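Going by my numbering, the sequence shown opens with residue 105, and the numbers climb by one from there.
Every residue, glycine too, gets a C-beta built ideally from N, C-alpha and C.
Given the structure is predicted, the values throughout are model-derived calculations rather than measurements.
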Amino acid sequence: MAQIPDALPFSFTFDPATTALIVIDMQRDFVEPGGFGETLGNDVAQLRQIIPTVAALIAAARKHGLPVIHTRECHRPDLSDLPPAKRDRGKPSLRIGDLGPMGRILIAGEPGADIVPELYPLPGEIVLDKPGKGAFYATSLSDDLAKLGTKSLIFAGVTTEVCVQTTMREANDRGFTCLLAEDSTASYFPEFKAAAIEMIRAQGAIVGWTAQTAKIVEALND
Ligand code: C5J
């Protein structure tokens, strides 16, 4: 068993043999200028800064044989999985499906919907396209984790309070023990990231634990 004594709200114990790393939506559309995140008026620099830390976490997971699962929030080219309630929200300069500088915004197969080159999946790693915020909704994630025998999940990616937190809550309800790598997740709003982290680990880890990436890597290396 591996242990992270400095995890919050208290020490986190996990078996690397039944743990997977899930990297949420590290896509060019959220992280790079000209993508969906920026069309919503956000400063993507907040998200870009975690790339080296996420890369270190992925490298440690690969080194120790943990499955690395990548998700991409995106929709079919015919938009059949994009409800108007999602598409017509707010006043972005470009909506999902519109043509932007990195192809059609958040559409599967377009350059913008793909994962940033620095964190690109290796051949054989699971890559899930998801139409919702949670990675369990309308994807094969439950089946994939059952096949892998996964019991614990380590989370990284963006954005903390939207797709990361939603997926952690879904995982928690499905019986997985969840750990969020605090400095491998980001929000366009630092105060939302801080609040999400507090919510996750409140009330005795009601959704899960949190720890610094270096401590997770250390626990894997021990
Ligand atoms: C958002 C996400 N923020 N990946 N998606 O719309 O968190």
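In the DSSP assignment, residue 266 falls outside any beta strand (DSSP E) and carries neither an H nor an E. Under the 10 Å beta carbon count, residue 292 is surrounded by 16 or more other beta carbons and is classified as buried. At a Cβ-Cβ threshold of 8 Å, residue 113 and residue 278 do not count as neighbours. Contact between the region 236–251 and the region 171–187 is present, with at least three C-beta pairs closer than 8 Å. By the rule of a C-beta closer than 7 Å to any heavy atom of ligand 1, the residues picked out are 128, 129, 134, 177, 237, 262, 263, 266, 267 and 268. A direct Cα-to-Cα measurement between residue 196 and residue 177 gives close to 17 Å. DSSP places residue 107 inside the beta strand (DSSP E), whose first and last residues are 106–108. Annotation: residue 127 is outside any alpha helix (DSSP H); the continuous beta strand (DSSP E) that includes it extends over 123–128.
By the criterion of a C-beta distance shorter than 8 Å, residue 166 is surrounded in its chain by 172 and 226, once the five residues flanking it on both sides are discounted. DSSP places residue 234 within a strand segment (E or B) once states are collapsed to three. Note: residue 314 is bridge-paired with 112 and 284 in the DSSP secondary-structure output.
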